[in-house]
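Just so we're aligned: 95 in our numbering is position 95 of the sequence shown, and the numbers increase by one with no gaps anywhere. Think of the CB as a built atom: it goes at the ideal place given N, C-alpha and C, for glycine as much as any other residue. Bear in mind the structure is a predicted one, so any value in this text is a computation, not a measurement.
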Amino acid sequence: MTNTVGVRGRRGSYAKTKERRRAIAEAALEIVLEKGHTALITADVAQRAGLSEPGVLYHYPTKDDLLLAALRLSDEFEWSTMPLGESVRRAPARAAESLRRINVVRLHTAMFGESSDPSHPAHEYFKERWRAGDERMEESIRRLQAAGLIDTAIDPHRASRWIHTAWEGLQLQWLAEQDFDIATELELLIERILGVTMDEIDRATQHRD
1 MTNTVGVRGR RGSYAKTKER RRAIAEAALE IVLEKGHTAL ITADVAQRAG
51 LSEPGVLYHY PTKDDLLLAA LRLSDEFEWS TMPLGESVRR APARAAESLR
101 RINVVRLHTA MFGESSDPSH PAHEYFKERW RAGDERMEES IRRLQAAGLI
151 DTAIDPHRAS RWIHTAWEGL QLQWLAEQDF DIATELELLI ERILGVTMDE
201 IDRATQHRD
């Protein structure tokens, strides 16, 4: 009896901790979206999350921890709407849509650069993010190969890496210049890499659906 109560108590405590961490991450992301990551301060996060500053710092001890939590949540929202196998077809539109949340893109770019240091809190996150993104893109390419749209001589892993590298580079250049259509540029690059037009991919996908 006592053990059962103890287990329930621990589960309840874990659930509350998870809820608080989620509320803090949501508050941090709201601030990033509204004001940019450089404007984020613990006091504002605490107020929005309905917690004390020490309460926020207990879960996220540094500003980098808070920013990483916001970035994780933003990525969670984005990935949850991406069906497996659709990475290639939706990449140009996703690139354009992400720029409507320019403050999140700026946060991503800043943390990505800093995370090259293995001691940075976001180092492992970005390694995993790249791995997961490549796997999803590779699966999308393999499905298009199976459908006869892409030459099977193309290495899905290498092609995926090229696409993601091009995407990151275009995004960085767009942040500096903001004078070109990133979706069009990425679409052209994908077509060159895969040897198929996006129109052909769209038609094949619609026919399959």
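Could you compute how far the alpha carbon of residue i sits from the alpha carbon of residue j?
| i | j | result |
| --- | --- | --- |
| G148 | H123 | 38 Å |
| L194 | P61 | 44 Å |
| R210 | S116 | With the chain represented from 1 up to 209, any question about residue 210 goes unanswered, as that position is not in the structure. |
| A15 | T42 | 23 Å |
| R72 | R22 | 11 Å |
| T109 | L172 | 7 Å |
| V7 | N103 | The pLDDT assigned to V7 is 46, lower than 50, so where the model puts this residue is not dependable; a value taken from the coordinates is nonetheless given after this. The alpha-carbon atoms of V7 and N103 are separated by roughly 42 Å. |
| E30 | A153 | 45 Å |
| E53 | R20 | 13 Å |
| H37 | K18 | 23 Å |
| R161 | E138 | 9 Å |
| M1 | R129 | Confidence at M1 is low in this model, with a pLDDT of 48, below 50, so the placement of that residue is unreliable and no value is reported for it. |
| D134 | V56 | 33 Å |
| K127 | A49 | 29 Å |
Consult DSSP for residue i and reduce its assignment to one of helix, strand or coil.
| i | result |
| --- | --- |
| A39 | helix |
| P54 | helix |
| G113 | helix |
| T81 | coil |
| A122 | coil |
| T17 | helix |
| V32 | helix |
Using only alpha-carbon positions, find the residue among the options that is nearest to residue i.
| i | options | result |
| --- | --- | --- |
| F221 | S140, K18, R143 and D64 | What is shown of the chain runs 1 to 209, which leaves residue 221 out entirely. |
| D75 | E138, L51, L189 and A132 | A132 |
| I201 | L33, G85 and L51 | G85 |
| R106 | L189, A39 and E191 | A39 |
| A91 | E187, V196 and F77 | E187 |
| P83 | G169, E114, M198 and R136 | R136 |
Could you spell out where the alpha helix (DSSP H) holding residue i opens and where it closes?
| i | result |
| --- | --- |
| R89 | S87 to S98 |
Segments of 4+ residues assigned as alpha helix (DSSP H) that fall wholly inside the segment 135–192
156–177
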